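FYI, the numbering for the sequence shown is 5 to 220, going by the working numbering.
Take a look at the structure below.
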Amino acid sequence: MKRLWQICFTDTRVGFDGMKDSTPILFPAISTLVCVTLPFAFVGFATFTTGSDDINATNAGSSEAWLQLSTGVIWTITFVLCVVGFVCTWWLLTSVYFFGMARLFNISIPWQKWLGFSCWSAVPLITVPLVLVIAILVQIIPIPSREVDPWYIELISACFLIVPFIWCARIAALGLRSWTEPHGRGNVYWRVVAFVPYGLLLSAFMIFCIRHMRLI
């Protein structure tokens with residue numbers, strides 16, 4: 005927990021300096037998966053409870069209530085599994101990317117360490133469910149005496165959504181600086197290499213959110 009606090013808030017470079025020889029994977033991986041999927045598991049529990057209340061309030065043998073309950077539970081489980089699968093795939097792809105870029109510049113760091121690096125740099129993604137809820141609330145809460153939302157509402161939502169990805173890119177950049185600067189890699193290397201994957205992920209996420217928020 006001390007290292008997590010150090011990497012995310014206090015001194016990222018010092019935190020990655022201490023992981024050059026041994027890069028732990030389980031702690032950041034499990035923490036990220038639990039924190040990202042927990043909100044969706046809560047949604048599933050809420051769906052189950054609502055469905056149970058509907059069954060008790062109407063008819064215990066109602067096929068419509070049971071169908072609604074089953075659909076909600078199956079949808080939630082599927083969504084959670086998709087999130088877990090996406091996050092794990094993201095770690096694998098980014099670790100291969102960082103490993104490939106390191107080898108391109110003759111930096112000999114094993115792939116397993118880059119997998120740990122990817123897990124640690126992606127820890128701020130645990131805030132995505134929270135910022136997504138905030139961005140949605142900004143969109144749906146009405147403004148008194150305004151029939152149409154002003155232009156800055158979209159900007160505020162976008163700013164909230166951007167934060168986790170910029171945070172991840174910053175951690176990755178400082179981590180790359182810690183691991184590659186002794187090999188002669190300068191500022192351009194660790195800044196550009198760190199920004200590329202999270203810039204692409206941010207672009208895809210923003211397109212997805214904008215398309216769905218228009219439906220709200």
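Idealized CB from N, CA, C, for every residue including glycine.
Keep in mind it's a predicted model, so treat the numbers as computed, not measured.
Counted within 10 angstroms of its Cβ, other Cβ atoms place residue i as buried (16 or more) or exposed
{"i": "residue 62", "result": "Bear in mind that the predicted position of residue 62 carries a pLDDT of just 49, short of 50, making it unreliable; the figure below should be weighed with that in mind. Exposed is the call here."}
{"i": "residue 46", "result": "exposed"}
{"i": "residue 5", "result": "exposed"}
{"i": "residue 89", "result": "exposed"}
{"i": "residue 139", "result": "buried"}
{"i": "residue 164", "result": "buried"}
{"i": "residue 93", "result": "exposed"}
{"i": "residue 97", "result": "exposed"}
{"i": "residue 95", "result": "buried"}
For residue j and residue i, believed in contact at Cβ under 8 Å, the rounded distance
{"i": "residue 102", "j": "residue 118", "result": "4 Å"}
{"i": "residue 182", "j": "residue 15", "result": "Contact flag wrong, Cβ pair sits at about 10 Å."}
Opening and closing residue of the alpha helix (DSSP H) in which residue i lies
{"i": "residue 7", "result": "6 to 9"}
{"i": "residue 21", "result": "16 to 21"}
{"i": "residue 117", "result": "115 to 125"}
Backbone CA spacing between residue i and residue j [nearest angstrom]
{"i": "residue 167", "j": "residue 200", "result": "16 Å"}
{"i": "residue 111", "j": "residue 187", "result": "7 Å"}
{"i": "residue 137", "j": "residue 126", "result": "20 Å"}
{"i": "residue 11", "j": "residue 85", "result": "28 Å"}
{"i": "residue 64", "j": "residue 41", "result": "Any answer about residue 64 is weak, because its pLDDT of 49 lies below 50 and its placement is not dependable; what the coordinates show is given next. The straight-line gap from Cα to Cα measures roughly 31 Å."}
{"i": "residue 197", "j": "residue 124", "result": "16 Å"}
{"i": "residue 142", "j": "residue 13", "result": "26 Å"}
{"i": "residue 77", "j": "residue 108", "result": "46 Å"}
{"i": "residue 144", "j": "residue 209", "result": "19 Å"}
{"i": "residue 26", "j": "residue 212", "result": "37 Å"}
{"i": "residue 28", "j": "residue 82", "result": "29 Å"}
{"i": "residue 160", "j": "residue 134", "result": "14 Å"}
{"i": "residue 191", "j": "residue 38", "result": "34 Å"}
{"i": "residue 19", "j": "residue 30", "result": "16 Å"}
{"i": "residue 180", "j": "residue 194", "result": "5 Å"}
{"i": "residue 43", "j": "residue 91", "result": "15 Å"}
{"i": "residue 185", "j": "residue 106", "result": "11 Å"}
{"i": "residue 122", "j": "residue 99", "result": "6 Å"}
{"i": "residue 7", "j": "residue 177", "result": "17 Å"}
Legend entry - Validate contact between the region 130 to 143 and the region 192 to 208 using beta carbons, cut 8 Å, 3 pairs: As far as the Cβ criterion goes, the region 130 to 143 does not touch the region 192 to 208, which means the pair count is below three.
Legend entry - Sufficient close CB pairs (3 or more, under 8 Å) joining the region 161 to 173 to the region 109 to 117: No, the region 161 to 173 does not touch the region 109 to 117.
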